[in-house]
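Student:
Numbering (my numbering), first residue to last: 63 to 957.
Here you go:
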């Protein structure tokens, strides 16, 4: 059988196309061996293959764009599937390129196909037993009583009569019609349209020029035409709620929000017209069983769910209900707390779970549901359970300190976790917990879907240094580095998250299998996800493992400055002056004041450059911190410690590892260093030129290439809708790459991406974006209003368009005006923190807005313990407010 491919595509000189598929002639799905297409005309590229129908049931294929630089990019289309068994002869395929950037592809992601539009009505389509042509097109937003129809100049297409169009039938993502068209009717001009089945009437034609198909005169071929998307103004806008699970409060929870509480949150969302619930990461962070584990971005497993979110009542069920009745008093006590007492909750829940586990007596292992769960998750569940057992046995999650199994060995772990092992029962305890967590979160997700509500999860940019992922596969991470973020207005010393960075080259060797597994497991519960710090896929802020502050980091990968460039700029290159901490008497006096002499004697030693070096025992921030942990905690010691931190960071350049003083990277915030300020003016000017080139010019295309090695493959691995948190020091290439890949951006009013603008206006948001007035890392609208009176006044006059002085406090009408601005934004999603929604009501808002903040990223030891101040049961009773919110959402044109 011969198959002819014709792809509609306009190229520029040097660009080519190829096709990859499940046939040897199409490279067996290997992009490197894709079949090149030949240029046919300005409108088409073509190729032909021969296949044996006896050996192939279905043909799967995708097109590949090859740029002038040889970069390969797959199209977005994943469903080019041809049933060879039903073919009556040779096949002609006339296709339309589906680019990742087409916004219509977002409507084919899980929130839309699995939640919002999953109940499309079916109808009979006009079919022919011996069809010659099959027309296929996508129209994801067509729903209800409407269907796609086809009208054209041929008699078989109704002769342009809208009274008798060809009705297409929905089959998966495609609308299709199979027709027998005689050769005498060609060439055919046609258009798609919309037809209302209930009214039995034509609604409208698609926009644009007529489509055209020709016939090659053969009667033994079947022609399949993939026409891309129906050209209709397809705009859909939704509203969502962002809240951590731990912040939920219900009458049935246990001092913290639980997966079971989500169902009541879904009810409230459905009541108010919200279509999406966005959660912070829900993975297990149990490293120490202290409040420090409250940080949701330091999970000991990228897969395991957090035991703290488990509902003890649901685990007990009717069978063991009596066992937990005595807990009612403790439950009431914890529920009455204004904030979460993390340590009490986790310790209490784990103790009760052990009692319930003992009562179960391993009966859960025999359940049919567990067998399926275990089979689907064994790849991470078994190592995770072993890790937790060993963590508890050795009293630490720092596996480097374990007396046994400090290095992961699959065979040893298989013996440890085997059902004949003396430790099997201890290991199975964690199977028990994860199985019940899975059931409870899945139940909540399924309930949300029935109510028409989508779930959005969160993928942290890093993994915990002392967690299961690092233990089982340390080669996937750069354990000698720490991920973080460069300085900004919210964290002037930068952020050090402590996570090892990803070893992307190693991950690429198995086509990012770890990420594929991660997405697969997430898709059990979530329809969309937020990539935390998507900039990390372009380059990550990497901090040496002996540093404490984020300011000592640099971007990796990055193109270094060659030593010769300094000479070309007329800069005399002095390695010690530029690359070592610059410490002289005037800086010591400025930094330490009365303590300068003591600091010199205790921490420094003179050098031959007229200044000082740090003594080897104090030459890193980590060493300094370790020393002061043993000292009295007082104001003087705190000042000296921070001063020593500042001396260590007082450098201009970092040497590129292994370059032998030939390649260098600039320290961020160069001008703020006293080392820079002590240079003569000419050198300052020339260094600043190189600095600007290093950070803002030379890296951009390089970082784009790096991102395109990762993000397309990761996006291709999931049907979930992807949103990227693209805030911070954003390279110029980031918006272009995200647009190319159809990844939604994040737009925050007080963090404009245009440096010339103080505030971002919601009306300027791109369609493929999520817009919000605040995030979990920021103060709420009400708290922000009180932080800077001058800024608030400018916002009041310029963004809200109000005259006169701004209210001192963020009154409900001001809060409401900001919410409405976001609702009327053109962005696909407006997502709000619950605190900002309740801020519209004088009755429901919290009295003190400072108590509403979830996290302060400038504080690495922040306690994540925010909890709703009213219960979801009480919120459901606020009928007047709920109706008001629903009206705002509906009137703004959001679904």
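Heads up, the beta-carbon is just placed ideally off N, CA and C, and yes, glycines get one too.
1. May I ask you to report which of helix, strand or coil DSSP gives residue 253?
2. Between 71, 124, 90, which has its C-alpha nearest residue 104's C-alpha?
3. If you reduce the DSSP assignment to three classes, tell me which class residue 881 lands in.
4. Take residue 871 as the anchor and find which of 911, 596, 450 has the nearest alpha-carbon.
5. Could you check whether the stretch 513-529 touches the stretch 335-346, counting it as contact only if at least three pairs of C-beta atoms, one from each stretch, sit closer than 8 angstroms?
6. With a threshold of 8 angstroms, are at least 3 pairs of Cβ atoms found where one atom belongs to the stretch 554-563 and the other to the stretch 591-608?
7. Let me see if you follow: with CB-CB separation under 7 angstroms, is residue 626 close to chain C or not?
8. Would residue 373 and residue 346 be called neighbours here (beta carbons separated by less than 7 angstroms)?
9. Leaving aside the five residues before and after residue 470 along the sequence, list all residues of the same chain whose C-beta is less than 6 angstroms from its C-beta, in chain order.
10. Report back the beta-carbon spacing between residue 580 and residue 365 to the nearest angstrom; my notes put them in contact at under 8 angstroms.
11. Kindly indicate the opening and closing residues of the alpha helix (DSSP H) around residue 645.
12. Can you give the Cα-Cα distance for residue 839 and residue 241, rounded to whole angstroms?
13. My output table needs one value for residue 633: the three-state DSSP class, helix, strand or coil.
14. In or out: residue 98 buried (at least 16 other Cβ within 10 Å) or exposed?
15. Whole angstroms are fine: how far does the CA of residue 178 sit from the CA of residue 156?
16. Would you call the stretch 731-740 in contact with the stretch 708-723, where contact means no fewer than 3 C-beta pairs closer than 8 angstroms?
17. If you drop the 5 nearest sequence neighbours on each side, which residues of the same chain put their C-beta closer than 6 angstroms to that of residue 358?
18. How should residue 226 be labelled, buried or exposed, when 16 other C-beta atoms within 10 angstroms of its C-beta is the threshold for buried?
19. Report all residues from its chain with a CB closer than 8 angstroms to the CB of residue 385; omit the five preceding and five following residues, and keep chain order.
20. With a CB to CB cut of under 8 angstroms and the five nearest residues on each side skipped, what residues in its chain are close to residue 657?
21. Nearer than 6 angstroms: is that true of the beta carbon of residue 732 relative to any heavy atom of the ligand NAP?
22. Along the chain, where does the beta strand (DSSP E) containing residue 785 start, and where does it finish?
23. Just how far apart, CA to CA, sit residue 173 and residue 210?
24. Distance, Cα to Cα, residue 648 vs residue 672?
25. In whole angstroms, give me the CA-to-CA distance for residue 489 and residue 411.
26. Do residue 256 and residue 318 come within 7 angstroms of each other at the CB atom, strictly closer than that value?
27. Roughly how many whole angstroms lie between the Cα atoms of residue 433 and residue 427?
28. Under a three-way DSSP split, which group does residue 936 fall into?
29. Quick check on the burial criterion: 16 or more other C-beta atoms within 10 angstroms. Buried or exposed for residue 824?
30. For residue 194, is the classification buried or exposed, using 16 other Cβ atoms within 10 angstroms of its Cβ as the cut-off for buried?
31. How is residue 911 classed by DSSP in three states: helix, strand or coil?
32. Measure the C-alpha to C-alpha separation of residue 439 and residue 258 and round it to an integer number of angstroms.
33. Looking only at its own chain, which residues have a Cβ that is under 8 angstroms from the Cβ of residue 635, when we skip the five neighbours before and after it?
34. From the DSSP output, which residues share a beta bridge with residue 543?
35. Output yes or no for whether 7 angstroms exceeds the beta carbon distance between residue 254 and residue 204.
36. Can you list, in chain order, the stretches of the alpha helix (DSSP H) that have 4 or more residues and sit fully within the stretch 331-397?
Tutor: Quick answer:
1. Reduced to three states, the DSSP call for residue 253 is strand.
2. Cα-wise, what sits closest to residue 104 is 71.
3. Annotated three-state conformation of residue 881 is helix, per DSSP.
4. Taking each of 911, 596, 450 in turn and checking the Cα distance to residue 871, the smallest one comes out for 911.
5. With the cut-off at 8 angstroms, the stretch 513-529 and the stretch 335-346 touch.
6. They touch, by the three-pair rule.
7. Note that chain C does not occur in the displayed structure, where there is just one protein chain.
8. Cβ atoms of residue 373 and residue 346: not closer than 7 angstroms.
9. For residue 470, where only same-chain residues beyond five positions count, the Cβ hits under 6 angstroms are 533, 534.
10. With a Cβ gap of about 7 angstroms, residue 580 and residue 365 count as contacting.
11. The continuous stretches of alpha helix (DSSP H) do not include residue 645, and DSSP gives it neither H nor E.
12. Their backbone Cα atoms lie some 57 angstroms apart in a straight line.
13. Residue 633: coil per DSSP, three-state reduction.
14. Per the 10 Å Cβ criterion, exposed.
15. Each residue's Cα considered, the two are about 31 angstroms apart.
16. Taking 8 angstroms as the limit for Cβ pairs, the verdict is that the stretch 708-723 does touch the stretch 731-740.
17. For residue 358, same chain residues with a beta-carbon under 6 angstroms away, outside a window of 5 residues either side, are 342, 343 in chain order.
18. Label assigned to residue 226: exposed.
19. The answer, listed in chain order, is 378, 417, 418, 421.
20. If we look at residue 657 and ignore the five residues flanking it on each side, its Cβ neighbours are 698, 701, 702, 705.
21. The ligand NAP is not part of the structure shown, which contains no ligands of any sort.
22. Note, residue 785: beta strand (DSSP E), 783-786.
23. Distance from the CA of residue 173 to the CA of residue 210, rounded to the nearest whole angstrom, comes to 22 angstroms.
24. If I take the Cα positions, the gap works out to 12 angstroms.
25. The straight-line gap from Cα to Cα measures roughly 18 angstroms.
26. Taking 7 angstroms as the cut-off, the beta carbon of residue 318 is found no closer than this to the beta carbon of residue 256.
27. Cα atoms of residue 433 and residue 427: separation of roughly 7 angstroms, rounded to the nearest angstrom.
28. Reduced to three states, the DSSP call for residue 936 is helix.
29. Burial is judged here by how many other beta carbons sit within 10 angstroms of a residue's own beta carbon; residue 824 has at least 16 and is buried.
30. Result: buried.
31. In this structure, residue 911 counts as helix in the three-state DSSP scheme.
32. Taking the straight line joining both Cα atoms gives about 45 angstroms.
33. If we look at residue 635 and ignore the five residues flanking it on each side, its Cβ neighbours are 625, 628, 629.
34. Its beta-bridge partners are 606.
35. For residue 254 and residue 204, no; Cβs fall outside 7 angstroms.
36. Taking only runs of at least 4 residues, the alpha helix (DSSP H) segments lying wholly in the stretch 331-397 are 374-378, 383-386, 390-397.
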